[in-house]
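Chemist:
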Amino acid sequence: MEHILSILIFFPLAAALFLLVFFRGGKSTMWAAFAASVVEFIFTIPLMTNFDKTNGGMQFVEQTWWIKSLGIQYYLGVDGITILMIFLTTLLTMIAILGSFTYIQKRQKEFYIAMLVLETGMVGTFLALDFFLFYIFWEAMLIPMYLIIGVWGGKRRIYAAVKFFLYTLAGSVLMLLAIIALYYVHGQVTGEFTFDILKITSQYAAYSKGFQMLIFVVLFIGFAIKVPMFPVHTWLPDAHVEAPTAGSVILAGVLLKMGTYGMLRFCLPMTPYATITMMPYVAALSVIAIIYGALVAMVQKDIKKLVAYSSVSHMGFVTLGIYALNQAGIEGGILQMFNHGIITGALFLLIGLIYERTHTREIADYGGIAASVPLYATIFLIFTMGSIGLPSMGAFIGEFLVLVGAFEAFSDWAILAAIGVIFSAVYMLWMFQRVLYQSLNKKWENLADMNLREVIYIFPLLVIVFWVGLYPETFTSYIHESVKQLVEHMATAAVAMK
Amino acid sequence: MTPQAMMNLVSIAPEVLMTVFGLILVVLDVMTKGEKKSMVGYFGIAFMIITALISQPAIGGKYLGFGNMVMWDTFSYVFFVIFALAYTLTTLGSVEYLRDKGILKGEFYTIMFFSIIGMMFMVSAFDLTVFYVGLETMAISMYVLAGFNKKCAKSAESGVKYFIIGAFSSGMLLFGMTYVYGATGSMNYLEIAEALKNGAAENATVKIGLILMLAGFAFKISAVPFHMWAPDVYQGAPTPAAGFMTVAPKAAAFASLVRFVWIALEPVAGLWGTFFSILAVLTMFYGNLVALSQTNVKRMLAYSAISHAGYMMIGLVAMNKEGYQAIALYSLIYAFMNIGAFTLLGVLKNKGMVEDERLESFAGLAKKNPMYALGMLIFMFSLAGIPPLAGFIGKYMIFMAAMKAELYWLAVIGALNSALACYYYMRVTIYMYFNEPEYEVDATIGRSAFITSFIGAVVVLAVGFFPSAFISFVKHLLV
Chain A
0 MEHILSILIF
10 FPLAAALFLL
20 VFFRGGKSTM
30 WAAFAASVVE
40 FIFTIPLMTN
50 FDKTNGGMQF
60 VEQTWWIKSL
70 GIQYYLGVDG
80 ITILMIFLTT
90 LLTMIAILGS
100 FTYIQKRQKE
110 FYIAMLVLET
120 GMVGTFLALD
130 FFLFYIFWEA
140 MLIPMYLIIG
150 VWGGKRRIYA
160 AVKFFLYTLA
170 GSVLMLLAII
180 ALYYVHGQVT
190 GEFTFDILKI
200 TSQYAAYSKG
210 FQMLIFVVLF
220 IGFAIKVPMF
230 PVHTWLPDAH
240 VEAPTAGSVI
250 LAGVLLKMGT
260 YGMLRFCLPM
270 TPYATITMMP
280 YVAALSVIAI
290 IYGALVAMVQ
300 KDIKKLVAYS
310 SVSHMGFVTL
320 GIYALNQAGI
330 EGGILQMFNH
340 GIITGALFLL
350 IGLIYERTHT
360 REIADYGGIA
370 ASVPLYATIF
380 LIFTMGSIGL
390 PSMGAFIGEF
400 LVLVGAFEAF
410 SDWAILAAIG
420 VIFSAVYMLW
430 MFQRVLYQSL
440 NKKWENLADM
450 NLREVIYIFP
460 LLVIVFWVGL
470 YPETFTSYIH
480 ESVKQLVEHM
490 ATAAVAMK
Chain B
0 MTPQAMMNLV
10 SIAPEVLMTV
20 FGLILVVLDV
30 MTKGEKKSMV
40 GYFGIAFMII
50 TALISQPAIG
60 GKYLGFGNMV
70 MWDTFSYVFF
80 VIFALAYTLT
90 TLGSVEYLRD
100 KGILKGEFYT
110 IMFFSIIGMM
120 FMVSAFDLTV
130 FYVGLETMAI
140 SMYVLAGFNK
150 KCAKSAESGV
160 KYFIIGAFSS
170 GMLLFGMTYV
180 YGATGSMNYL
190 EIAEALKNGA
200 AENATVKIGL
210 ILMLAGFAFK
220 ISAVPFHMWA
230 PDVYQGAPTP
240 AAGFMTVAPK
250 AAAFASLVRF
260 VWIALEPVAG
270 LWGTFFSILA
280 VLTMFYGNLV
290 ALSQTNVKRM
300 LAYSAISHAG
310 YMMIGLVAMN
320 KEGYQAIALY
330 SLIYAFMNIG
340 AFTLLGVLKN
350 KGMVEDERLE
360 SFAGLAKKNP
370 MYALGMLIFM
380 FSLAGIPPLA
390 GFIGKYMIFM
400 AAMKAELYWL
410 AVIGALNSAL
420 ACYYYMRVTI
430 YMYFNEPEYE
440 VDATIGRSAF
450 ITSFIGAVVV
460 LAVGFFPSAF
470 ISFVKHLLV
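So the protein sequences, as listed, match chains A and B. So in numbering that gives the first Met the number 0, spot 21 of the first sequence is number 20, and the numbers just go up one at a time. So in numbering that gives the first Met the number 0, spot 221 of the second sequence is number 220, and the numbers just go up one at a time.
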């Protein structure tokens, strides 16, 4: 248990190297990659079970010098905010790899290597407690994702890959400067030059208001691009539509969460003054994202693009909850991050598997296929309802908590956000109706229903959706203490401000 | 021996040693024939290693000899190691290229070797005369290297062009020196500083002289608007020579510039600080924007070399020790990634229809030659400064220095530029990984090219993950 976090980070990388050296593509490579991702997922189980839910601080900490002369450490830890994200990452990577067996036809070996390297980057980003280390992992994710979109994507894949890369990079180079600025200011205040995230956070009171605003804005832009928030969301539909199914799943399921995770870990606690000042504006942007995303999703002709825009809308709920800065809001935000990963991931998988059979994603090309693929229709219906936020399913709990938190903090915005929930019912149900119901398009009469492999990889997601919906305590109990600490931290900062 | 004589000897010993070795190389060149000529280069590597092992100064040791004219210290040593690495990598990687072009001659190695002696003098100089002699030794060697493939019109053109513009800029530098000498009465850095402190700085003659000198320096580091020679020269020169020329002479020019401005011009820091901050901004933007529109990868790398000079200038403007240490680190890392990239570039051959280095030639290489593509991918992303590769560490140190000097605006411009630059480096990877080949290209990596690119890629990766060794290597370097 001592080095569990390092194992979690580097096992996929080691597996990728193993694949690189000993495999030559084809079936054996797929299974080897899948086996590696299963082992990685199994590693998260002792992490979950040994996690002390009554402790809101960092656990399983690993700390050693990396570049001592610059105050950079190899510093890892997991708390309530990240543990669900780790679970989500390893689960979705495993499922995405299983879901790619038939979808990825060319250069299979490279694809699975890219997926495993990406997993290292994602897990590392969530676990890093050193700013420099965090930044390295954050950027290191870009290259494999860029290749996944660019090599295995659709027709406009190159455009989408480059756009994804440059958008994220533009945000993150400025973030780097903010990190260096924090390093120097913290050094001047305490005399200790370090990139230790917890130490930099603990000195928040010493940062002047102007400095906080500056840092907040720069970090916020970097993270907002990743979320993505309105108006920097335009890379998302392109990247989602062009990426292969596994790429979309990881992108929607995990990469978007990096943005909101960054806000929770950095923006809020490090620059509380700026956060509290900017809170209403961020709420406004979130509500715009919720409604705008939903309205744009409504008019999409491509199913995948529709789901992509729905992500903009759903992630708006997450940011709204986080910036409500109260227990319900933040807890709901984190839970909603988790739910969105599960549900949208499942939707992308479902779209991907029907695309493999029909080679079209145009809504107009479908119609009535529920008659030929009843099992698929049932499962699709469940996730559609999940996405809308039907009670008894995960998203309902998340959105409910977010709205409770938001009402407390800014009731006007919360009312508007609640309207967004209705919109999401409109576009999801309408899409569902046009694709699966209505009269059967003769072309799809003999469409094959889901096979065993497909059912297997969807099944865990199905279980989790209901689990969160019916007994959220299993998951919220992990989050609870850490969020409580964060809220207290924000409250003391608010008092100190006055 | 008197202590003074001992000091003199120590201060110049590495250069003397290198000169003796250089002369031995000339003899070796006569003794080898045809295919064996590469032995000259390998002996050169051995000589460099010997010199590097023998001449390492004690930490903090400063050996200033010959009436404060030549200095041997960690600063000189670190830059010598950078030159030696550039030489080693170029020599190891160039054999096949030179053989293919029919220019596998001993001169290639001896000239490079002697150019390094010139660079060493530039860096160790504490006196403008010594500096100038070193500069010319280096520059003349570079003119020859640029035009080394004399049967190829482009290479000859590049040599002549380099010579004319180089001579012009040297003339300007010299002209500036005379003004400075006229007003301060000395060629010695320490005495110039003394004179400037005592009021000579107000003198218009000194100002004109200094501006001319700095412009001369700006030519050597290919700073915009003194860069016009660079793209043509780099493109025309034989590819391995171009790799060497973008790394070693630039590092030497930067090092000597740091020495000169830190010691001689310390009292007028405001003057050159502003001058170089303007140049840095221009250089970064110009280099990157023009590189964006290139379709020839060699020319693109030439413009990228210009933009990298811009980043390094930020370290100069920062005016703190982190700044020049960052320059040293950057040069060190740049040697590995740029020579690696140029070596791989030199491997690429079309079947004679279009110029070898066109962007289209890279199309689909990932499938046909995955190792080549992977190597190029590593170098490109490292040049772009994407972590966890070495190029990022270099840029990071530069930004750290700028932030420490509270040059926020310059750091922001640098950061935005490195995002901008990403696109053209990425384009090479786009062609390699995402496009289908358009015509037949031969990208078989020969043994020597493999060694250099392999060392380059491994170092780029290793330094990205474990930069401690490199950072502590430059940490003790003090002007």
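Quick reminder that beta carbons are idealized off the backbone N, C-alpha and C, glycines included. Note that the structure is a prediction, hence the values are computed from the model and not measured.
Measuring straight from C-alpha to C-alpha, what distance separates residue 457 of chain A and residue 463 of chain A?
Modeler: Going from the Cα of residue 457 of chain A to the Cα of residue 463 of chain A covers about 10 Å.
Chemist: Measure the CB-CB distance between residue 242 of chain A and residue 152 of chain A and report whether it falls below 8 Å.
Modeler: It is a contact, given that the beta carbons lie within the stated cut-off.
Chemist: Keeping to the same chain, check which residues put their C-beta closer than 8 Å to that of residue 211 of chain B; ignore five residues upstream and five downstream.
Modeler: Closer than 8 Å at the Cβ level, and outside the excluded window around residue 211 of chain B, lie 171, 172, 174, 175 and 178.
Chemist: Could you tell me the alpha carbon to alpha carbon distance between residue 181 of chain A and residue 214 of chain A, rounded to whole angstroms?
Modeler: Rounded to the nearest angstrom, the two C-alpha atoms are 8 Å apart.
Chemist: So if I threshold CB-CB distances at 8 Å, which residues from the segment 396-427 of chain B count as touching chain A?
Modeler: Taking 8 Å as the Cβ-Cβ cut-off against chain A, the residues of the segment 396-427 of chain B that qualify are 398, 399, 402, 403, 407, 410, 411, 414, 415, 417, 418, 421, 422 and 425.
Chemist: Determine contact between the segment 228-238 of chain A and the segment 282-301 of chain A, defined as no fewer than three beta-carbon pairs at a distance below 8 Å.
Modeler: The segment 228-238 of chain A, when compared against the segment 282-301 of chain A, does touch it at the 8 Å Cβ threshold.
Chemist: Any chance the segment 184-203 of chain B sits against the segment 235-244 of chain B, with 3 or more Cβ pairs inside 8 Å?
Modeler: Counting Cβ pairs under 8 Å, fewer than three are found: no touch.
Chemist: Here's a check: name, in chain order, each residue in its chain whose Cβ is nearer than 6 Å to the Cβ of residue 285 of chain A, leaving out the five neighbours to either side.
Modeler: If we look at residue 285 of chain A and ignore the five residues flanking it on each side, its Cβ neighbours are 315, 318 and 319.
Chemist: Please go through the same chain and pick out, in chain order, the residues whose beta-carbon is closer than 7 Å to the beta-carbon of residue 22 of chain A, but skip the five residues on each side of it.
Modeler: Cβ neighbours of residue 22 of chain A beyond the five flanking positions: 28, 31 and 108.
Chemist: Any idea what DSSP makes of residue 155 of chain A, helix, strand or coil?
Modeler: Here residue 155 of chain A sits in coil by DSSP.
Chemist: Go to residue 71 of chain A, then tell me how far its beta strand (DSSP E) extends in each direction, as first and last residue.
Modeler: Looking at the DSSP string, the run of the beta strand (DSSP E) that includes residue 71 of chain A is 71-77.
Chemist: Using the rule of at least 16 other Cβ atoms within 10 Å of the residue's Cβ for burial, across every protein chain shown, is residue 435 of chain A buried or exposed?
Modeler: By the 10 Å Cβ count, residue 435 of chain A comes out buried.
Chemist: Using 8 Å as the threshold, is the C-beta distance between residue 147 of chain B and residue 102 of chain B below it?
Modeler: Yes; because the gap between Cβ atoms is below 8 Å, this pair is in contact.
Chemist: Thinking residue 156 of chain A and residue 361 of chain B are a contact (beta carbons under 8 Å), I'd like their distance in whole angstroms, please.
Modeler: That belief does not hold up - the Cβ atoms of residue 156 of chain A and residue 361 of chain B are roughly 17 Å apart, past 8 Å.
Chemist: Give me the chain A residues within the contact set of residue 467 of chain B, using Cβ-Cβ distance strictly less than 8 Å, ordered along the chain.
Modeler: Chain A residues near residue 467 of chain B: 65, 66, 67 and 68.
Chemist: List the residues of chain A whose Cβ lies closer than 7 Å to the Cβ of residue 380 of chain B, in chain order.
Modeler: By Cβ distance, chain A contributes 142.
Chemist: Measuring alpha carbon to alpha carbon, tell me which residue in B:379, B:402 and B:460 is nearest residue 177 of chain A.
Modeler: Ranking B:379, B:402 and B:460 by Cα distance to residue 177 of chain A puts B:402 first.
Chemist: Whose CA, out of B:416, B:356, B:440 and B:337, lies closest to the CA of residue 366 of chain B?
Modeler: Ranking B:416, B:356, B:440 and B:337 by Cα distance to residue 366 of chain B puts B:440 first.
Chemist: Along chain B, which residues have their Cβ under 8 Å away from the Cβ of residue 175 of chain A?
Modeler: The answer, in chain order, is 395, 398 and 414.
Chemist: Which residues does DSSP list as the beta-bridge partners of residue 63 of chain A?
Modeler: In DSSP, residue 63 of chain A forms a bridge with A:73.
Chemist: Would the beta-carbon of residue 312 of chain B fall within 8 Å of that of residue 268 of chain B?
Modeler: No; because the gap between Cβ atoms is not below 8 Å, this pair is not in contact.
Chemist: Measuring straight from C-alpha to C-alpha, what distance separates residue 323 of chain B and residue 215 of chain B?
Modeler: C-alpha separation (whole angstroms): 20 Å.
Chemist: Do residue 205 of chain A and residue 188 of chain A have their C-beta atoms closer together than 8 Å?
Modeler: Closer than 8 Å, so yes.
Chemist: Using the Cα positions of residue 495 of chain B and residue 275 of chain B, report the straight-line distance between them to the nearest angstrom.
Modeler: Residue 495 of chain B is absent from the model: chain B starts at 0 and stops at 478.
Chemist: Tell me the rounded alpha-carbon separation between residue 246 of chain A and residue 88 of chain A.
Modeler: Approximately 13 Å between the Cα atoms of the pair.
Chemist: The alpha helix (DSSP H) spanning residue 428 of chain A covers which residue range?
Modeler: Its alpha helix (DSSP H) spans residues 410-435.
Chemist: Go ahead and pull the three-state DSSP assignment for residue 384 of chain B.
Modeler: Residue 384 of chain B falls in the coil class under three-state DSSP.
Chemist: Anyone know if the C-beta pair for residue 474 of chain A and residue 467 of chain A falls short of 8 Å?
Modeler: Contact flag set, yes.
Chemist: DSSP has residue 127 of chain A in a bridge; who is on the other side?
Modeler: According to DSSP, residue 127 of chain A bridges with A:75.
Chemist: Sort A:293, A:484, A:102 and A:78 by Cα distance to residue 147 of chain A and report the nearest one.
Modeler: The residue with the shortest Cα to Cα distance from residue 147 of chain A is A:102.
Chemist: Rank B:169, B:273, B:330 and B:199 by C-alpha distance to the C-alpha of residue 245 of chain B and give the top, closest one.
Modeler: The candidate whose alpha carbon is nearest that of residue 245 of chain B is B:330.
Chemist: Between the segment 257-269 of chain A and the segment 392-411 of chain A, do at least 3 Cβ pairs fall closer than 8 Å?
Modeler: No: the two stretches stay apart, fewer than three of their Cβ pairs being nearer than 8 Å.
Chemist: Can you list, in chain order, the stretches of the alpha helix (DSSP H) that have 4 or more residues and sit fully within the segment 388-436 of chain B?
Modeler: The segment 388-436 of chain B contains these whole alpha helix (DSSP H) runs: 389-403 and 407-433.
Chemist: Taking the straight line between their C-alpha atoms, what separation do you get for residue 277 of chain A and residue 446 of chain B?
Modeler: Going by the C-alpha atoms only, they are around 59 Å apart.
Chemist: Quick one: what's residue 32 of chain B bridged to in DSSP?
Modeler: DSSP, once it has assigned bridges, lists no residue as partnering residue 32 of chain B.
Chemist: Tell me the DSSP secondary structure of residue 137 of chain B in three-state form.
Modeler: Note: residue 137 of chain B maps to helix in three-state DSSP.
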